[in-house]
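Residue numbers (my numbering): 499 to 1076.
Next up, the structure:
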């Protein structure tokens, strides 16, 4: 018995016709009088809990009801897109009627309902494969039998009362004392807009001997009279149906938003997408949706874009978080800014796609739109300039040190600006990185120089063009070129050089003068031979003086000492000696 079945034709093309609903063909079809003895046929469904409905499976094994096989199925055991596995058992005895024709071939016809007995919405729509499973313990024989799906034919439109899918299966190389179990995997298709009720039926209609002794045709084919056998699927109102839907809104804040929103040009908006897999309102429970796509938004009159979803999970065991569980939701967001030149109504439509199964899947899709009304205000071009010197306005800079002027330009209007230039009234060359500015955009231009003594101020004027309008703005900044300096005049007993009797008192005075153009601080006076020099203060304004002093006793001989004054200006040390 060979394990792999073959499928010659597919019925999936039927779905190009229409999606409607699903019924059951109930009742037995009488067969012709028996011509072949020694063959026993049986037909059942694989017990639903014994296999993965995404791929099909099940075995006859011991044929224990509700453990190995089922004679009747319930809608609550399945969902749309599932595979229902049916089992046909062919058992041959060792009678002369069998041994005289072996190996032989039996051709069987099966019917599967293309509509329900109640409200339409589900069908047994495609035989995906037939196979012989050698691991099925019910199998007996030499294992060289082959099952082939010869044809699939629809008797009428899908979701139409009385329409059935007829499948012809051929089993070859059958021999005495063999038991061959053929598995047929049949897929359930649904119309997610409908709510099926009633039953669906699978029918083993008839079987005929078509070849004997290998390849000798039997003409006409001899019927095997075993009576028609059926397996119903009941109570389809409990069949789980994947129900993909999409809600799209728009907001300037947090999701969710509204269906229609009015904003000004260049306003940042947030599109919100919620993908749902809930009941379709008719009582059927939801079923998983597989391989869900990103959101595809057509962008309306602007460029299309895609949005990733969060909230998906792995329902089919492929290790990918791309499925939407029954009853679950997934969300996505996209932030956009639009800058039309005239008032614009933007209607863009989002689409999400998924599949009802993983084998011969039926694509599901959902769409939704949101409206964004974009108002363009009257033209009001404007520009601002903020001029700084070494990062501030009015700093002190040491003479000869580098000066960097920065000019921050901002488009404060509602139109794009071009032909931007900056002119400095002191002839400084200003360099800008760009010559255009979008609405709200800022750039920083700069110029360089060296500090000169005293106060310095310059004014920059920026000009730009919007359409036929020129806009300007000005700003000034300044600095003070600092040249800190000081002098020290040292005297002994009031003169520069004095003769003092040994042992007499000596008073040294130190006259400190700020000779620079800035105030100095941290003023101290030291002497290479005298300690404990006292000063009345430690800061000096411009041109200010102070006298520091120290005392001692005259020693014998020539005596000379040197005084040093030191001060600070913004971290720069100035000094003088005498």
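By construction, the Cβ of each residue, glycine as well, lies at the ideal position given by its N, Cα and C atoms.
* Kindly say whether residue 841, judged by its beta-carbon, lies nearer than 9 Å to any beta-carbon of chain C. => Absent from the structure is chain C; it holds one protein chain and no more.
* **Residues near residue 767 by beta carbon distance below 8 Å, same chain, minus five either side** => 748, 749, 750, 759, 761, 833, 834, 835, 836, 870
* **Reduced DSSP category for residue 594 - H, G, I as helix; E, B as strand; rest coil** => helix
* So, helix, strand or coil for residue 574, using DSSP? -> helix
* Spatial neighbours of residue 1011 in its chain, beta-carbon cut-off 6 Å, leaving aside the 5 residues before and after -> 985, 1043
* **Proximity to residue 818 [Cα-Cα], best of 856, 646, 716, 944** => 856
* Asked: Per the contact definition of three or more C-beta pairs closer than 8 Å, is the segment 1012–1020 in contact with the segment 992–1001?
  -> no
* List the whole-angstrom C-beta distance separating residue 1021 from residue 960, where the pair is believed to meet the contact cut-off of C-beta under 8 Å. => The pair is not a contact, with the Cβ atoms about 45 Å apart (cut-off 8 Å).
* To do: May I ask you to list the residues that DSSP assigns as paired with residue 688?
  => 620
* Identify the continuous beta strand (DSSP E) that holds residue 844 and give its terminal residues. => 842–853
* Which of the three DSSP states, helix, strand or coil, is assigned to residue 734? -> helix
* Would you report the Cα separation of residue 823 and residue 614, rounded to the nearest angstrom? -> 26 Å
* Find out if the Cβ-Cβ distance for the pair residue 1047, residue 1037 is shorter than 9 Å. => no
* What residue from 560, 624, 714 has the CA that sits closest to residue 544's CA? -> 560
* Taking only runs that begin and end inside the segment 731–777, name each unbroken beta strand (DSSP E) of 3 or more residues, in chain order. => 742–749, 758–762, 766–775
* Asked: residue 837 lies in the beta strand (DSSP E); which residues open and close that run?
  -> Element bounds for residue 837: n/a, residue is neither H nor E.
* Compare the Cα-Cα distances from residue 785 to each of 1030, 1040, 1024, 552 and report the closest residue. => 552
* Quick one: residues in its chain with C-beta nearer than 7 Å to the C-beta of residue 980, no 5 flanking neighbours on either side, listed in chain order? => 894, 895, 896, 897, 1015, 1016, 1067
* Simplified DSSP state of residue 718, which is helix, strand or coil -> strand
* Asked: For the candidate residues 603, 634, 648, 640, whose alpha-carbon lies nearest to that of residue 625?
  -> 648
* **Beta-carbon proximity list for residue 1050, same chain, < 7 Å, skipping 5 on both sides** => 1004, 1028
* Asked: Among 911, 575, 602, 1019, which one has its Cα closest to the Cα of residue 534?
  -> 602
* What residues in its chain sit with their C-beta under 6 Å from that of residue 579, if we drop five residues either side in the sequence? -> 854, 855
* Asked: Counting Cβ pairs, one atom from each stretch, are 3 or more of them under 8 Å apart for the segment 604–622 and the segment 701–710?
  -> yes
* Do residue 914 and residue 937 have their CB atoms nearer than 9 Å? -> yes
* Taking residue 1033 as part of the beta strand (DSSP E), name the residues at either end of that continuous run. => Unbroken run through residue 1033: none, as it is neither H nor E.
* **Same chain only: Cβ atoms within 8 Å of residue 709, ignoring 5 sequence neighbours per side** => 602, 603, 670, 715, 716
* To do: Look up residue 900 in the DSSP assignment and say whether it is helix, strand or coil.
  => strand
* Asked: When you compare only the Cα positions, how much space is there between residue 733 and residue 800?
  -> 49 Å
* residue 548 by DSSP, collapsed to three states: which one? -> helix
* Name the one or two DSSP bridge partners that residue 961 has. => 919, 970
* To do: Counting only the same chain and skipping the five closest in sequence on each side, list residues whose C-beta sits under 7 Å from that of residue 954.
  => 976, 977, 979
* Is the segment 586–599 touching the segment 664–678 in the sense that three or more CB pairs, one from each, lie closer than 8 Å? -> yes
* Asked: Under the DSSP definition of a beta bridge, which residues are partnered with residue 953?
  -> 978
* Asked: Given residue 568, which residues of its chain have a CB within under 8 Å of its CB, disregarding the five upstream and five downstream residues?
  -> 542, 543, 544, 545, 546, 729
* **beta strand (DSSP E) segment containing residue 873, residue limits** => 861–873
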